[in-house]
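Undergrad: Here it is: the structure, laid out below.
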Amino acid sequence: MKIIFLLVLILLVVEGFPGAFNLVCSPPTVQTEPGQDVVLSCAVEPPFDLTDQTVEWSRDTDVIVHVYRSRADNQFLQNQKFRGRTVLIHQNLKDGKVSLRLINVTKEDEGNYSCCLPNHEVQSSVTLTVVSQMNKKTNKDPGSGLSSGSITVIVLGVVGVILVILGILGW
């Protein structure tokens, strides 16, 4: 039983590294009007330099909006609708911020945008709503702010505590 306990504990430690930080998009919902520029913002917590990391932005999980890899933007992987309309703000990467400017927003840009750091297996999402001036309303839903990485860390932490208690009790 002690061997199983140690193996599970080692697994928790190894699996814990990808979730050692959270990626959070804030605010969780962004509202704009057609023709405007908008910035979608995510950040790692605690902050660290993302300059050498791969960053991928996608819409509705399958449309590639922007890719930053090997310290450069990669437009070849980008969906044609977004070419020439996105700017990753590189100077923010050193502070752990992943800010994507979307230029000349259209109603077709509306949807759920995901920011992903694939090397760390973390992602977070922000919803873009495009409304006309007459239909513009205030967002009152702040969202939970929990990313998949933070949920994984919480679950693994609870399991680890339970296993430690069981190990102490001699189970």
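Take the sequence shown: its letters are residues 1291 to 1461, numbered as in my numbering. Quick reminder that beta carbons are idealized off the backbone N, C-alpha and C, glycines included.
Does DSSP put Ile1455 in a helix, in a strand, or in coil?
TA: DSSP places Ile1455 in helix when its eight states are reduced to three.
Undergrad: Decide if Asn1429 is buried, meaning its Cβ has at least 16 other Cβ atoms within 10 Å, or exposed.
TA: Here Asn1429 scores only 46 on pLDDT, less than 50, and its place in the model is too uncertain to base an answer on.
Undergrad: So, helix, strand or coil for Asn1409, using DSSP?
TA: Residue state, collapsed to three classes: coil.
Undergrad: With H, G and I counted as helix, E and B as strand and the rest as coil, what does DSSP make of Ile1444?
TA: In this structure, Ile1444 counts as helix in the three-state DSSP scheme.
Undergrad: Go ahead and pull the three-state DSSP assignment for Leu1378.
TA: Note: Leu1378 maps to strand in three-state DSSP.
Undergrad: Does DSSP put Asp1431 in a helix, a strand or coil?
TA: Caution is warranted here: a pLDDT of 47 is assigned to Asp1431, below 50, making its placement in the model unreliable, and no coordinate value can be reported.
Undergrad: Quick one: what does DSSP say Glu1323 is sitting in, helix, strand or coil?
TA: Three-state DSSP puts Glu1323 in coil, outside helix and strand.
Undergrad: Who pairs with Ala1333 in a beta bridge, going by DSSP?
TA: Partner(s): Val1314 and Lys1387.
Undergrad: Tell me, please, whether the segment 1353–1360 touches the segment 1412–1425 by the rule of three or more beta-carbon pairs shorter than 8 angstroms.
TA: Contact between the segment 1353–1360 and the segment 1412–1425 is absent, because fewer than three Cβ pairs lie under 8 angstroms.
Undergrad: Can you tell me whether Asp1339 is helix, strand or coil according to DSSP?
TA: In this structure, Asp1339 counts as coil in the three-state DSSP scheme.
Undergrad: Count the other CB atoms within 10 Å of the CB of Leu1383; is the residue buried (16 or more) or exposed (fewer)?
TA: So Leu1383 ends up on the buried side.
Undergrad: With DSSP as the reference, label Asp1363 as helix, strand or coil.
TA: Note: Asp1363 maps to strand in three-state DSSP.
Undergrad: Out of Glu1323, Ser1389 and Arg1361, point me to the one whose CA is closest to Ser1404's CA.
TA: When only C-alpha atoms are compared, the closest one is Ser1389.
Undergrad: CB-CB under 8 angstroms to Phe1311, same chain, minus the five flanking residues each way: which ones, in chain order?
TA: Same-chain partners within the cutoff: Val1334, Glu1335, Pro1336, Phe1338, His1410, Val1412 and Gly1439.
Undergrad: Using only CA atoms, which one of Gln1368, Thr1419 and Val1345 lies nearest to Ser1360?
TA: When each option's Cα is compared against that of Ser1360, the closest is Val1345.
Undergrad: Rounded to a whole number of angstroms, what is the C-alpha to C-alpha distance between Glu1398 and Asp1352?
TA: One C-alpha to the other measures close to 15 angstroms.
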